[in-house]
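Enquirer:
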Amino acid sequence: MIYVIGIGPGDQDYLTQAGAQIINGAEIVIGAKRNLESIKDFKGLKLEMGSNLEELVIYLKANTDKKIALLASGDPLIYGIGKYLSERIPHTQLNIVPGISAVQYMFSRIPLDMNDLYITSSHGKKPDFDRVLSYPKVAMVTDHLVGPSQIAQEILRRNLKKVVIVGENLTYSNEKITPFKPEELTDEIKFDRNVVVILDEK
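So the sequence shown is numbered by this note's numbering: it starts at 249 and just counts up by one.
1. CB-CB under 8 Å to GLY273, same chain, minus the five flanking residues each way: which ones, in chain order?
2. In chain order, what residues of the same chain lie with their CB nearer than 6 Å to the CB of THR426, ignoring the 5 residues before and after it?
3. Say yes only if the C-beta of LEU301 is nearer than 7 Å to one or more non-hydrogen atoms of the ligand MG, and no if none qualify.
4. Distance, Cα to Cα, VAL193 vs ILE348?
5. Hey, is the stretch 261-271 in contact with the stretch 336-345, meaning 3+ C-beta pairs nearer than 8 Å?
6. Between which two residues does the beta strand (DSSP E) harbouring SER369 extend?
7. By the DSSP assignment, the beta strand (DSSP E) with ILE344 in it spans what residues?
8. Skipping 5 residues on each side, what residues in its chain have a beta carbon closer than 6 Å to that of THR390?
9. Which residues does DSSP list as the beta-bridge partners of ASN442?
10. Provide the residue(s) that pair with ILE425 in DSSP beta bridges, ordered along the chain.
11. For my contact list, VAL305 and ILE326 are in at a C-beta cut-off of 8 Å; report their separation, rounded to the angstrom.
12. Buried or exposed, going by whether 16 or more other CB atoms sit within 10 Å of the CB of TYR420?
What follows is the structure, given as structure tokens:
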């Protein structure tokens, strides 16, 4: 059986008990280097996951007789690897264990409810900003191409009244959550790994 474990935003205090139990009982654990380093007490086989997801699927399908725990940052089904694997591996051989997403954590820190929230991502794509910015409450998981300053430029281009809140390195010791007016977010400001919340100005 293949278990895809959402290990939370970063700090291992946010790994669920269900996820921890499955990891501890697995024969093989697969994950990115940073994720593997976080499970120091695991005694079984650790495999670092590369960028070739097709090779990963081939390996998983060839080893469904073993108990494999694949580590996914945040929640596997919120812009994570869960969607990719669920489309390629029979559901009878796949068990996805939810984790706390970076978006959930971010909203708990603001704090603000997630009711009627629109969640999206800029990973590997150009967002439809006409649609995204039509919502009063948005969370966007960003990448190095479309981040806070690019979002701010799109807001200003449309002359909208919005507030942008940037959460960096969530759950880590260098966590930083900062509200901005769009005009304050220039290209000169550099951000670490982040989630961006966009709200209508009140």
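A virtual CB, placed ideally from N, CA and C, is assigned to each residue, including glycine.
Expert: Reading from the atomic positions:
1. LYS315
2. VAL414
3. By its list of ligands, the structure shown contains no ligand whatsoever, and the ligand MG lies outside what it can speak to.
4. Nothing about residue 193 can be read from this structure; the chain reaches only from 249 to 450.
5. The stretch 261-271 is in contact with the stretch 336-345.
6. 366-369
7. Looking at the DSSP string, the run of the beta strand (DSSP E) that includes ILE344 is 342-345.
8. SER370, ASN442 and VAL444
9. GLU416
10. GLY415
11. The Cβ separation is near 20 Å, so there is no contact.
12. exposed
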